[in-house]
Amino acid sequence: MKCAPIWMTLLLMAALPVDADESKSPPNILWIVSDDQRADTIAAHGNATILTPSLDRLVRQGISFSSAYCMGSTSGAVCAPSRYMMLTGRSLHRLKGNVFDIPTDEVTLPQKLRNAGWKTFFTGKWHNGKAAYQRSFDEGAAIFFGGMGSHTRLMVHDHQSDGKYPDNKRHRLPAFSSTAFADAAIRFIEDQGRNDSKTPFLACVFFTAPHDPRTPPTDFMSMYPKEKMSLPGNFLPEHPFDNGELKIRDEKLAPFPRTPDVVKEHLAAYYAMISQLDEQVGRLVDALQKNGLSENTLVIFTSDHGLAVGSHGLFGKQNLYEHSTRVPMVVAGPGVTAGCVSNQPIYLHDLVATISEVAGIDAPPHSEGISFLESIRGKKQPPRQEIYTAYKGVQRALRAGKWKLIRYPVIDRVQLFDLDTDPDETLDLSQDPRFQKQLKEMLGRLDHRRQLQEDPLVVDGDSR
Numbered sequence: 025m026k027c028a029p030i031w032m033t034l035l036l037m038a039a040l041p042v043d044a045d046e047s048k049s050p051p052n053i054l055w056i057v058s059d060d061q062r063a064d065t066i067a068a069h070g071n072a073t074i075l076t077p078s079l080d081r082l083v084r085q086g087i088s089f090s091s092a093y094c095m096g097s098t099s100g101a102v103c104a105p106s107r108y109m110m111l112t113g114r115s116l117h118r119l120k121g122n123v124f125d126i127p128t129d130e131v132t133l134p135q136k137l138r139n140a141g142w143k144t145f146f147t148g149k150w151h152n153g154k155a156a157y158q159r160s161f162d163e164g165a166a167i168f169f170g171g172m173g174s175h176t177r178l179m180v181h182d183h184q185s186d187g188k189y190p191d192n193k194r195h196r197l198p199a200f201s202s203t204a205f206a207d208a209a210i211r212f213i214e215d216q217g218r219n220d221s222k223t224p225f226l227a228c229v230f231f232t233a234p235h236d237p238r239t240p241p242t243d244f245m246s247m248y249p250k251e252k253m254s255l256p257g258n259f260l261p262e263h264p265f266d267n268g269e270l271k272i273r274d275e276k277l278a279p280f281p282r283t284p285d286v287v288k289e290h291l292a293a294y295y296a297m298i299s300q301l302d303e304q305v306g307r308l309v310d311a312l313q314k315n316g317l318s319e320n321t322l323v324i325f326t327s328d329h330g331l332a333v334g335s336h337g338l339f340g341k342q343n344l345y346e347h348s349t350r351v352p353m354v355v356a357g358p359g360v361t362a363g364c365v366s367n368q369p370i371y372l373h374d375l376v377a378t379i380s381e382v383a384g385i386d387a388p389p390h391s392e393g394i395s396f397l398e399s400i401r402g403k404k405q406p407p408r409q410e411i412y413t414a415y416k417g418v419q420r421a422l423r424a425g426k427w428k429l430i431r432y433p434v435i436d437r438v439q440l441f442d443l444d445t446d447p448d449e450t451l452d453l454s455q456d457p458r459f460q461k462q463l464k465e466m467l468g469r470l471d472h473r474r475q476l477q478e479d480p481l482v483v484d485g486d487s488r
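Numbering-wise (this note's numbering), the sequence shown opens with residue 25 and increments by one.
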């Protein structure tokens, strides 16, 4: 774990509470989730092009996890299973039924907190069924039940006590989506400040940005002239082989072969969407301060998965490269060691166990995640040795330390990368005679982990 210099840490900690006394009530939680945001799109994490002052502030005041992953997807709509995992703590191949509708016998984390006496609030994108939403939240506003939609004309519901959300009860957002969702959450935060309630709250703000259609406001789009955009280090005009998902909608957002101009245009709009979202994150954090809630509110920022946007000749998230499975994860607030970066490998669904421990409650019984609260507090805890990811029946991957293996079982092809020397995954070592021992070991570990995860794929060229 790397932390800020001691003088900077002491300065930042002067503005933050020390570790929470276990005899006191747990902190409130503001849980912010973006949609389709790569891990490398925060300026404070080394991106020299993007402007994210609010997230940069959160990074300085909290801890960042540089190896946080979405486990993958059983659907081309990666958002739905990712959020199902993130809300229940289940791993990918133990999700039940339709991933777009969390079954009634599944307890979500917000539902568990609500049952424990917490006030729970939601605004933004809910992609896992109206019934699951209804049993999870006391309050809500500007709720989008769907996967994607216009950022300027999005149709949403407000919370209904009867749990019925007919189309004729929808209304159009009065502002750009990220602004409107932040407005709704700020109204909730202001209510909590006025009420001075001792009841802890969970406020979930699940943005629809930067998911396409990427139509940022003009003042943000003007921040990123195409000619000043840089191509990703792993830009390719086309993916070198058929990965099993080249004909999906996301890959048709730009023509083949990809050209530098087209990729730069898409990256400019993508970055502009993130910068506009970043402004809303700042408004949310400022609202906590203005309403006397910042000293007892834990802020969690993450995303449901990443996105290619020109990397490896791809545009979507239906692949297992780092740009599509790794996500930003920043935690700031009470008891957090400020200015630190942890490379501890974690999954998004570890948030269920982590938030449950913060709240002082048991995680839902089906939760499989591992709490990383000790790391948030700046303490050492045994790290995961492996990160296993999967996409439908066509891709499987394993990361173990610096090594990353991706297998394409349908076409019996593999890739092996050394992420220490090749973080962009541009040099496939699988055919290099010097690395055949490492390749064999990683293939064995991949298959062993597949069996432990109860993944039904048979990694021998066939799938079932």
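Backbone N, C-alpha and C define an ideal beta-carbon position, used for all residues, glycine too. Since the structure is predicted, the reported quantities are computational estimates derived from the model, not experimental observations.
Asked, Found
"Three-pair Cβ contact test at 8 Å for the segment 208-219 versus the segment 299-308", "yes"
"Segment contact flag, the segment 75-88 with the segment 97-106, C-beta cutoff 8 Å, min 3 pairs", "no"
"Environment of A155 [buried if 16+ CB atoms lie within 10 Å]", "exposed"
"Spatial distance of C361 from K403 (CA atoms)", "The question names Cys, yet the displayed sequence has Thr at residue 361. Those two C-alpha atoms are separated by around 9 Å."
"Rounded straight-line distance, which links the Cα of D60 to that of K341", "8 Å"
"Pair within 7 Å by beta-carbon distance, A414 and R420", "yes"
"F459 beta carbon less than 7 Å from that of L451", "no"
"Enclosing alpha helix (DSSP H) for K143 [first to last residue]", "Not the alpha helix (DSSP H): K143 falls in the beta strand (DSSP E), residues K143 to W150."
"Integer Cβ distance of R509 from H347, believed to fall under 8 Å", "Look at the range of the chain in this structure, 25 to 488, and you will see that residue 509 is not part of it."
"Under 7 Å between C-beta atoms of G393 and V376", "yes"
"Same chain only: Cβ atoms within 7 Å of F89, ignoring 5 sequence neighbours per side", "M353, S366, Q368 and I370"
"Beta-carbon proximity of F230 to K149, cut-off 7 Å", "yes"
"Proximity of L54 and T321 at Cβ, strictly below 7 Å", "yes"
"Which residues DSSP lists as bridging C228, in chain order", "W55 and F146"
"Q304 in three-state terms, based on DSSP", "helix"
"Contained beta strand (DSSP E) runs [length at least 3] in the segment 211-296, N- to C-terminal order", "225-230"
"Uninterrupted alpha helix (DSSP H) stretches inside the segment 323-408 (no shorter than 4 residues)", "346-349, 374-383 and 397-400"
"Closest residue to T203 among K464, P240 and H195 (Cα-Cα distance)", "P240"
"At least 3 beta-carbon pairs within less than 8 Å: the segment 321-336 vs the segment 106-116", "yes"
"Exposure label - I435; buried when at least 16 CB within 10 Å", "exposed"
"Residue of S391, P389, V382 and Y412 minimising C-alpha distance to S399", "V382"
"Alpha-carbon to alpha-carbon, Y248 and N71", "14 Å"
"Own chain partners of G257 with C-beta closer than 6 Å, once the 5 adjacent residues on each side are dropped", "D448"
"Strand pairing of V123, partner residues [DSSP]", "BP columns for V123 are empty, so no partner."
"Selection from P433, Q455 and L443 that minimises the alpha carbon distance to G268", "P433"
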